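A quick write-up on the structure given underneath.
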Ligand SMILES: C[S@@+](CC[C@H](N)C(=O)[O-])C[C@H]1O[C@@H](n2cnc3c(N)ncnc32)[C@H](O)[C@@H]1O
């Protein structure tokens, strides 16, 4: 798929989720950066995400990497247990959050392995050094995201990408954990809150 088609597809993804969520999980720049990060995942590679939510990020990474046609495995981890998803721009309760996620995966025809458990347990099911792209967007509290970074960095292949969402003032836990774990060895993309380890 050429660059123009990819841009068109990104527009379709944003349009799809804009009509289904009260507010999007990702900004347009976030979508764009995520697309740039996923585009080079190798054939038969593996993408892992912590925090499936509505599936905005997963659909974007799948489209950018052409997961369906290039044999890329998609694994996402989510408890789907919050009492109220309003803070995530999702006007539904935990009873329907999972259904909505699955509905979105069906629409985009994605074959996804969902690990419906706490990220602090799920990482044990993923082999070390097996992941080409790891996207962290689960619990945004300091201790929890720090634990996610520690546990999941072991899972990333040498040369693979470790990145996440919400490096911004309104998520001080993310900022503190990322600063502490990587020092100067990370970047935050312009006009976006997506960060990646260098
Ligand atoms: C911000 S939302 C993710 C948004 C998603 N990336 C998207 O683009 O639609 C965070 C999600 O992480 C899940 N979550 C939070 N802490 C978790 C944990 N420790 N383990 C597994 N899932 C968790 C929540 O249930 C929620 O659905």
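In the working numbering, the protein residues as written are 258 to 455.
Every residue, glycine too, gets a C-beta built ideally from N, C-alpha and C.
Keep in mind the model is a prediction, meaning the values are calculated, not measured.
An exposed status is given to residue 262, since fewer than 16 other beta-carbon atoms sit within 10 Å of its beta-carbon. Inclusion of residue 304 and residue 322 in the CB contact set at 8 Å is warranted, their separation being smaller than that value.
Taking a 10 Å sphere around the C-beta of residue 376, we find 16 or more other C-beta atoms and assign the residue as buried. Beyond the five residues adjoining it in sequence on each side, residue 288 comes within less than 8 Å, by CB distance, of 267, 270, 271, 313, 317 in the same chain, given in chain order.
In this structure, residue 396 has its beta carbon less than 7 Å from a heavy atom of ligand 1. A contact is defined here as three or more CB-CB pairs under 8 Å, and the stretch 389-408 fails this definition with respect to the stretch 359-372. Here the distance from the Cβ of residue 336 to the nearest heavy atom of ligand 1 is below 7 Å. Residue 427 sits in coil when the DSSP states are folded into three classes, being neither helix nor strand. Nearest Cα to residue 389 within the set 395, 382, 358, 417: 417. A residue is called buried once 16 or more other Cβ atoms fall within 10 Å of its Cβ, and residue 427, having fewer, is exposed. Sequence-distant Cβ neighbours of residue 395 in its own chain, meaning closer than 8 Å and more than five residues away, are 307, 308, 334, 335, 376, 401, 402, 405. For residue 306, the enclosing beta strand (DSSP E) covers residues 303-307.
Under the three-state reduction of DSSP output, residue 371 falls in the strand class. For residue 443, the secondary structure class from DSSP, reduced to helix, strand or coil, is strand.
Going by C-alpha positions, residue 325 is about 29 Å away from residue 445.
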